[in-house]
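Have a look at the structure below, then the notes.
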Amino acid sequence: MTAETHAADAALIEEVRDSARDFLRRRDQRQRKRAAGVLDRRYWTEIAGVGWLGMFVPEDHGGLGLGWPAMAAVMEEAGRVQLPEPLVAAAVLPAALLQRLAQDHDGASACQRLLADVCAGRRVTSLAWQEADGQLEAGEGAGAFGVSVTWREDAYVLNGEKRHVIPGDGVDGWLVSADGEQEPALFYVPADTPGVIARPYVRADGTHACHLSFEAVALPADALLARRGVLDAIDAALDLGRLMQSAEMVGAARQVLSDSVEYLNTRKQFGRPLASFQALQHRVVDASMQVELAAASLQAALKELPSADKAMARAAASRVKARAARAGLEAARLAVQLHGAIGYTDECDVSLYLRGALHQAAWLGNATAHRQRYGALAPPIRDGGAPADALPEETPDMSARPREAEAPEAFPRDADWNEMPEADFRAMLRRFFRAHYPERLRHMPRRLHWEEIKEWYFTLARQGWIAPSWPREHGGMALAPGRLIAFIEEAERHGVARAPDQGLVMLGPILFRHGTQEQRERFLPGILSGQDVWAQGYSEPDAGSDLAALRCAAVVDGDALIVTGQKTWSTLAQDATHMFMLVRTDTTVKKQAGISFLLVDLRSPGVSRRPIRTLAGHEEFCEVFFDQVRVPRGNLVGALNGGWSIAKELLGFERLFSGSPKHAHHALQQIHARARQRGLLADPAFHDRLTELRLDVADLTAMYEGYADMARAGLPLPPQLSLLKIWATETHERLGALLIQAADEYGGAALDDDTGESHVLAPYVNALAATIFSGTNEIQRNIYAKHVLGMDGA
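Numbering (UniProt numbering), first residue to last: 1 to 794.
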């Protein structure tokens, strides 16, 4: 996706969203909601007039033809104000069904006429398809339909019952599925047809529903709308309805959390605003995370919709509905709690959102039902390969060929990589990794030391691929953001270990932007060749997540700086020859202002190092001590005391890929392989837990892909990215715990044993570390609460 395409699509959606907000502001929807019940026909006509009823319907069928993403934007805004009009029930479901049947089925002209009436608001109808409580698909129990149809003389005769029909009253008629003598059929049944009995009931949010009974209901021949593909068309419409229903729940959840934050910022207890209490901040962030996961899952499903096959579309709809139902209920339930006693009353709008969430989460299938449906529909996890719902698929032609049968291939050292089709680029990378990356080092459960991985580093250097993101003039591949992400994803897929790449990923880009020409000429060649290995020197014993509190000092002494102090948690610094570090160069200003960015040769006199053995038994980190270390002033990057702004730039892609789903996908593969070997997949409890975690990973992938798309388009990454890091690391930890459970006694084996079972513990132990480094997840929650949600307590 180009930046121009991304911007054009985003601009269209924002135009639709702004238009929807403007239209909805004309009425106090929340006041009307308290008197919700019978459909307001006049307002329904106004809604039709702005095009919402046919937003996604092609223009030649009476709609606007703006597609499902535009409709989702409308539904989100409708959810924000708790619009009482049943857009999903009386617009999305019937219009989606009629549009599909209007294309090339028998009765197409009748469907087209009815579709035009629905889009124009001239006729209000709803879909009567469900015969049993908990039913998710029209085809469930085929041959035992609740409504049967027979032909008698000059009329069709319907008998039976439909359940949970919404709207239940105030409609002109219903679209009714029936079991014919040869195949299912769809009829239009006017509401005043003799023999139709509606037994109404009211749902939690005031929506009117009903159970319909058909007792010898006679219909004329022209009431028949379709006889071919009816079940598939209904199922497709239901899944589209679930996606739009999920958009409505996302909007409602976002609004009720926003209202709650506003309340917490003004309501005081014990002399402090409630928003200042960290426990409440973290609860709101966690609820927001569920909402943003649902939004990301929805956007991923909408993006894939045009090319998705039937199974993929059904699985995606269930995945989205399961997450949105959870998010909607959690957000509304939390809002009641945060508002206290007033939140439990009708005098507070929060009650409207809880009632709406209760209705939406249960209608068209609840979260549990859709989680189970997703588990049944999602493609199988492949042992030793990525799950089918993971990152872009590996082409099968190369995976089936044994390595020893492959002829040596000459790979280009230089090409116009960004013009190469992405599929070809990815295929080339996969062949290269298969041909050159050591098999024994695939999917390593720990960071490798320089001596273990240096030959691979040298291989990439010789190939000219060691610096994929660097400009060509500095020896890089000059990959555009989209190609860079493809490069990293394919390396992750193959299980390529991360070489000591601090110089490549972090220091190189900093020198391009802030270094002098002399610094670039002096330091960049050593990074490319592997002659110089760099470590990062940020954290200190009392300056981890609070990085600006660092105390390692550098005092200017003529043409040098004298460094004294300590750095800790420096990854593999015992292997490094150099360190880029933050040092305190001014103690008289606020802490962020007195920091400088310095390059230090670790072989200098006065430097000492002490490896730190981790819980996993690996010496992955290091303490580095500086005792009057003399560093040339020419090693200062940027201005003196200007290091803080440089340090923040290093987040970039590092922040994005700290939330990569690669670890979670690999853990899923390990769990599935072990569970299959031990027969655990037949255990309903284990299978349900695995499916739940697979949903977590799928939604993590959707969230990651959303931010990756922004990077591909060259757009800046927003502060909401911190949620990705939290969810990725905590999902990985939950997966690790299930893997330990599946391993039985090996779940408690030594972390560094040599039986081959130590990999069982790696996901869990590594995830524990990931929740701490790069800013603990608790700190990330604090930052998100303050800078994104606005919970400053001021």
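Idealized CB from N, CA, C, for every residue including glycine.
Handout entry: beta strand (DSSP E) segment containing G537, residue limits
Key = Taking the sequence shown and counting its residues from 1, one reaches residue 537 at position 537. Note, G537: beta strand (DSSP E), 534-537.
Exercise for the section: Tell me, please, which residues DSSP counts as bridged to D601. Expected result: In the sequence shown, residue 601 corresponds to position 601, counting from 1. Answer by DSSP bridge pairing, in chain order: H578.
Problem - Spatial distance of G558 from S596 (CA atoms) - result: Here residue 558 corresponds to residue number 558 of the sequence shown, with the count starting at 1. Here residue 596 corresponds to residue number 596 of the sequence shown, with the count starting at 1. So the alpha carbons of these two residues sit roughly 16 Å apart.
Problem - C-alpha gap between I783 and V583, whole angstroms - result: Taking the first residue of the sequence shown as 1, we reach residue 783 at position 783. Taking the first residue of the sequence shown as 1, we reach residue 583 at position 583. Whole-angstrom Cα-Cα distance: 24 Å.
Practice task
Mind checking who V555 pairs with in its DSSP beta bridge?
Solution key: Sequence index remark: in the sequence shown, residue 555 carries index 555 (1-based). I562.
Problem - Contact the region 113-128 vs the region 78-94: 3+ CB pairs below 8 Å - result: yes
Handout entry: Bounding residues of the alpha helix (DSSP H) (the contiguous stretch that carries H432)
Key = To locate residue 432, count along the sequence shown from 1; it is residue 432. Before going further, note that residue 432 is Phe rather than His in the sequence given. That run of the alpha helix (DSSP H) goes 422-436.
Exercise for the section: Taking only runs that begin and end inside the region 9-63, name each unbroken alpha helix (DSSP H) of 4 or more residues, in chain order. Expected result: 29-33, 41-49
Exercise for the section: Look at the alpha carbon of R493 and the alpha carbon of F432, and state the distance between them as a whole number of angstroms. Expected result: Translated into the one-based positions of the sequence shown, residue 493 becomes position 493. Translated into the one-based positions of the sequence shown, residue 432 becomes position 432. One C-alpha to the other measures close to 13 Å.
Practice task
Throw me the rounded Cβ distance for the Y707 and S660 pair, which I believe falls under 8 Å.
Solution key: What you label residue 707 is simply residue 707 of the sequence shown in a count that begins at 1. What you label residue 660 is simply residue 660 of the sequence shown in a count that begins at 1. That belief does not hold up - the Cβ atoms of Y707 and S660 are roughly 10 Å apart, past 8 Å.
Problem - Cβ-Cβ distance between R630 and V563 below 9 Å - result: Position 630 of the sequence shown, counted from the first residue, corresponds to residue 630. Position 563 of the sequence shown, counted from the first residue, corresponds to residue 563. Yes; because the gap between Cβ atoms is below 9 Å, this pair is in contact.
Problem - For P719 and V589, the rounded distance between their alpha carbons - result: The residue you call residue 589 lines up with position 589 of the sequence shown. The residue you call residue 719 lines up with position 719 of the sequence shown. Each residue's Cα considered, the two are about 26 Å apart.
Exercise for the section: May I have the straight-line CA-CA distance separating P541 from A770, to the nearest angstrom? Expected result: What you label residue 541 is simply residue 541 of the sequence shown in a count that begins at 1. What you label residue 770 is simply residue 770 of the sequence shown in a count that begins at 1. One C-alpha to the other measures close to 18 Å.
Problem - Distance cut-off 8 Å: K590 Cβ against heavy atoms of the ligand PLP - result: Looking for the ligand PLP in the displayed structure turns up nothing, as the structure carries no ligands at all.
Handout entry: First through last residue of the alpha helix (DSSP H) which encompasses Q299
Key = One-based indexing of the sequence shown puts residue 299 at position 299. First-last of the alpha helix (DSSP H) with Q299: 278-304.
Practice task
Tell me, please, which residues DSSP counts as bridged to R319.
Solution key: Position 319 of the sequence shown, counted from the first residue, corresponds to residue 319. DSSP output for R319 lists no bridge partner at all.
Handout entry: Sequence-distant residues of the same chain with beta carbon closer than 6 Å to P190, five excluded per side
Key = Stepping through the sequence shown from its first residue, residue 190 is reached at position 190. The residues are G173.
Handout entry: Residues near W743 by beta carbon distance below 6 Å, same chain, minus five either side
Key = Counting from 1 along the sequence shown, the entry for residue 743 is found at position 743. In the sequence on display, residue 743 carries Ala and not Trp. Closer than 6 Å at the Cβ level, and outside the excluded window around A743, lie V760.
Exercise for the section: Name, in chain order, the residues that DSSP records as bridge partners for E161. Expected result: Residue numbering aside, residue 161 sits at position 161 when the sequence shown is read from its first letter. Note: E161 sits in a beta bridge opposite S213.
Handout entry: Of the listed residues I740, A750, V697, nearest to K725 (C-alpha basis)
Key = The count along the sequence shown starts at 1 and reaches residue 725 at position 725. Nearest of I740, A750, V697 to K725, Cα basis: V697.
Practice task
Could you check if Q281 is buried or exposed, using at least 16 other CB atoms within 10 Å of its CB as the buried criterion?
Solution key: Residue numbering aside, residue 281 sits at position 281 when the sequence shown is read from its first letter. By the 10 Å Cβ count, Q281 comes out buried.
Exercise for the section: To the nearest angstrom, report how far apart R254 and V74 are at their CA atoms. Expected result: Mapped onto the sequence shown, residue 254 falls at position 254. Mapped onto the sequence shown, residue 74 falls at position 74. If I take the Cα positions, the gap works out to 14 Å.
Practice task
Using a threshold of 9 Å, state whether the C-beta atoms of Q463 and R413 are closer than that.
Solution key: In the sequence shown, residue 463 corresponds to position 463, counting from 1. In the sequence shown, residue 413 corresponds to position 413, counting from 1. Cβ distance < 9 Å, so Q463 and R413 count as in contact.
Exercise for the section: State whether the region 730-748 contacts the region 658-673, with contact taken as three or more CB pairs (one from each stretch) at a distance under 8 Å. Expected result: yes
Practice task
Over the uninterrupted beta strand (DSSP E) stretch that includes T459, give me the two end residues.
Solution key: Indexing the sequence shown from 1 puts residue 459 at position 459. Unbroken run through T459 is the alpha helix (DSSP H), 450-463; no beta strand (DSSP E).
Problem - Contact the region 100-119 vs the region 198-207: 3+ CB pairs below 8 Å - result: no
Practice task
Pick helix, strand or coil for W727, following the three-state DSSP scheme.
Solution key: Translated into positions along the sequence shown, residue 727 becomes position 727. Looking at W727 - three-state DSSP - the assignment turns out to be helix.
Practice task
Evaluate D416 with the Cβ neighbour count: other Cβ atoms within 10 Å of its Cβ, from every protein chain shown; 16 or more gives buried, anything less gives exposed.
Solution key: In the sequence shown, counting from the first residue as 1, residue 416 sits at position 416. Per the 10 Å Cβ criterion, exposed.
Exercise for the section: Measure the CB-CB distance between A294 and A324 and report whether it falls below 9 Å. Expected result: In the sequence shown, residue 294 corresponds to position 294, counting from 1. In the sequence shown, residue 324 corresponds to position 324, counting from 1. Yes, the Cβ-Cβ distance between A294 and A324 is below 9 Å.
Handout entry: Beta-carbon spacing of L599, M579 below 9 Å
Key = Against the sequence shown, residue 599 aligns to sequence position 599. Against the sequence shown, residue 579 aligns to sequence position 579. Yes; because the gap between Cβ atoms is below 9 Å, this pair is in contact.
Problem - Residues bridged to G173 [DSSP beta-bridge criterion] - result: The sequence position of residue 173 within the sequence shown is 173, counting from 1. According to DSSP, G173 bridges with T125, P190.
Handout entry: Cβ-Cβ distance between A535 and L572 below 9 Å
Key = Taking the first residue of the sequence shown as 1, we reach residue 535 at position 535. Taking the first residue of the sequence shown as 1, we reach residue 572 at position 572. Contact flag set, yes.
Exercise for the section: Could you spell out the range, first to last residue, of the alpha helix (DSSP H) harbouring S258? Expected result: In the sequence shown, the residue the question calls residue 258 occupies position 258. Looking at the DSSP string, the run of the alpha helix (DSSP H) that includes S258 is 230-266.
Problem - Close Cβ partners of A287 (< 8 Å) along its chain, the five nearest in sequence each way excluded - result: The residue you call residue 287 lines up with position 287 of the sequence shown. Cβ neighbours of A287 beyond the five flanking positions: A253, L257, A327, E330, A331, L334.
Problem - Proximal residues to L66 (C-beta, below 6 Å), its chain only, five neighbours per side dropped - result: Working through the sequence shown from its first residue, we reach residue 66 at position 66. Only M55 meet the Cβ criterion.
Exercise for the section: Determine the direct distance from the alpha carbon of W151 to that of E248, and round the result to whole angstroms. Expected result: For the purposes of this step, residue 248 is taken as the residue at position 248 of the sequence shown. For the purposes of this step, residue 151 is taken as the residue at position 151 of the sequence shown. For E248 and W151, the distance between alpha carbons rounds to 41 Å.
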